[in-house]
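Novice: Below: one structure in structure tokens.
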Amino acid sequence: MTGPPQSLPPPGAWRMAALAFLMQNSATGLTFGSFGAIVLAIEAQFRTTRTLASLGVSLAVVSLSLLAPFLGTVLVRRVPIRRVMIAGIALGAGGYASLALVDDIRAALAIYLLIIGPSLVMFGALPSNTLVSSWFGDRPGRALGLVNMPLFITLVPLASTAILAAHGLSAVFACVAVAHLAVLPFAFAVRDGPYAGASAGKDLGAGSGAILVRGEFWLLAIAGGIIVGAGIMKISHLVAIVTGQGHSAETATLLLAISGGAGMLGSPLFGWLADRIGGVGALIANALLQSATFFILLAPVGVPALVIDAVLIGACGAGVSATQGVIFSHLFGPANFARVFGLMSIATLPFLFGMTPLAGLLYDRSGSYALPVALTIGLLFVAALVLLPLLAAERRTRRSAAFTRRTTAAFSKE
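If you count by the UniProt record's numbering, then the sequence shown holds residues 1 to 414, one letter each, in order.
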């Protein structure tokens with residue numbers, strides 16, 4: 001099913017999408033991109049286990065998820081996105097500056113939980129995608145696809161590895177702090193869009209309770225949590241998995257960069273697909289394709305197979321945000337985007353928090369990544385099945401939105 005034509009976005013929409021692209025990339029790229037390259041260095045420098053070394057990014061996701069519902073409510077109540085982003089960038093810079101100074105794993109984990117995580121929620125995916133939704137209405141797929149193109153995840157692992165080899169772990173943290181400060185001036189140009197106060201496609205009441213009682217929300221939470229959690233687990237453990245198969249650290253880092261580069265195509269591709277067939281169908285395709293990529297890691301393989309794996313997982317991982325954003329707009333309405341996004345963050349917390357350290361724990365117990373990889377494959381198939389009932393619901397809302405646009409266009413011509 002192809003999407004019906006839509007009027008051009010209002011003036012300034014694509015400029016705001018470009019700023020959202022910068023903010024989203026800075027938040028996710030600097031944190032997740034650097035972490036995958038330094039997790040082994042954290043284990044060595046802090047003299048800890050693989051489980052604790054890989055826990056930092058999961059703790060950041062925990063605080064992100066816990067704070068996201070509050071921030072979503074704040075944005076719905078019309079606090080300017082600009083102010084939230086500025087505060088988040090400054091907080092992130094302080095957090096990474098602190099990481100450069102500590103020498104205890106407990107202090108480092110506390111910083112990820114109490115500083116890095118809150119900074120991510122304040123200028124990362126939630127406000128960036130909400131900004132796009134406020135400018136592009138009920139057809140945000142292409143814009144969301146562009147905004148979520150993971151440019152920094154392509155570049156940051158390479159830079160982190162080079163800095164780590166030349167100057168050590170503390171220098172990596174210090175450079176990430178400086179990168180935050182370099183982005184700060186651009187946040188002052190952010191402006192909310194005309195759809196920010198528009199009525200929702202469905203009446204969801206005045207609070208979050210009306211969202212939480214809907215079955216669609218919880219089906220999305222289960223499926224989305226599995227899909228995103230699998231991606232976080234893989235990017236966090238990819239270097240360790242690849243080096244454990246006998247490949248060099250340089251090869252592993254190159255695969256991270258290739259994965260990020262593939263996301264540059266995967267994000268707009270899945271955004272385009274979501275606008276054409278609906279976000280639910282695109283997310284089902286994403287889950288099934290991701291499950292196929294994990295099969296490649298079940299046994300030692302050559303570099304060509306690992307490159308294919310990196311390309312596919314990068315494209316799928318980057319495409320999740322765009323497809324989820326389209327689903328949120330279709331099923332809950334653009335004006336409820338921030339609130340739904342925030343509630344979804346905490347609802348998916350068990351998966352986002354649990355899958356990365358669980359993989360580390362299973363590795364510590366079994367001495368192999370075969371068990372966590374096989375478990376992830378099974379969970380991704382479950383995610384695809386859980387999404388099937390939502391296909392019809394989204395199809396109805398898309399037809400309703402198309403009818404409204406055609407009716408409005410007809411009256412405007414008269």
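Cβ coordinates follow ideal geometry from the N, Cα and C atoms, glycine included.
What does a CB cutoff of less than 7 Å around R395 pick up in its chain, not counting 5 residues either side in sequence?
Specialist: G278
Novice: Between the C-alpha atoms of L40 and P9, what's the straight-line distance to the nearest angstrom?
Specialist: Answer to the nearest angstrom: the Cα atoms are 45 Å apart.
Novice: Which residues in the same chain have their Cβ closer than 6 Å to the Cβ of F351, if we skip the five residues on either side of it in sequence?
Specialist: Taken in chain order, the residues that qualify are G225, I226 and G229.
Novice: Am I right that L120 and A60 are in contact with their C-beta atoms under 8 Å? What's the rounded C-beta distance?
Specialist: 6 Å
Novice: Just to confirm my understanding: we take V57, look at its own chain, exclude 5 residues before and 5 after, and list those with CB closer than 8 Å. What are they?
Specialist: T31, F32, F35, Y112, I232, S236 and T356
Novice: Specify the secondary structure class of V61 as computed by DSSP and reduced to three states.
Specialist: helix
Novice: Counting only C-beta atoms, is E216 closer than 8 Å to chain B at any point?
Specialist: Here chain B cannot be found, since the structure has a single protein chain.
Novice: Report the option in A370, L64 and M23 whose CA atom is closest to the CA atom of M344.
Specialist: For the residues A370, L64 and M23, the minimum Cα distance to M344 belongs to L64.
Novice: State the Cα-Cα distance for the pair residue 415 and I296, rounded to the nearest angstrom.
Specialist: The structure shown does not extend to residue 415, since the chain is modelled only from 1 through 414, so no value can be given for it.
Novice: Pick helix, strand or coil for L388, following the three-state DSSP scheme.
Specialist: coil
Novice: With C-beta atoms as the reference, is V172 less than 8 Å away from L164?
Specialist: Yes; because the gap between Cβ atoms is below 8 Å, this pair is in contact.
Novice: Do you know whose CA, among D192, W272, P268 and V311, lies nearest L256's CA?
Specialist: Nearest neighbour of L256 by Cα position, chosen from D192, W272, P268 and V311, turns out to be V311.
Novice: What's the gap between the Cα of G12 and the Cα of L169?
Specialist: 41 Å
Novice: So, at 7 Å on beta carbons, what are the nonlocal neighbours of Q245 in its own chain, with the 5 sequence-adjacent residues on each side left out?
Specialist: By the criterion of a C-beta distance shorter than 7 Å, Q245 is surrounded in its chain by P300, once the five residues flanking it on both sides are discounted.
Novice: Grab me the residues of L109's own chain with a C-beta within less than 8 Å of its C-beta, minus the 5 sequence neighbours each way, in chain order.
Specialist: L52, L55, G56 and L59
Novice: Grab me the residues of V340's own chain with a C-beta within less than 7 Å of its C-beta, minus the 5 sequence neighbours each way, in chain order.
Specialist: Cβ neighbours of V340 beyond the five flanking positions: I211, F328 and F332.
Novice: Quick check: G360 and P140, are their CB atoms within less than 8 Å of each other?
Specialist: no
Novice: By Cβ distance, which residues of its chain are closer than 6 Å to I222, with the 5 residues on each side in sequence left out?
Specialist: V386
Novice: Closer than 8 Å is the cut-off here; do at least three beta carbon pairs connect the stretch 152–164 with the stretch 95–102?
Specialist: no
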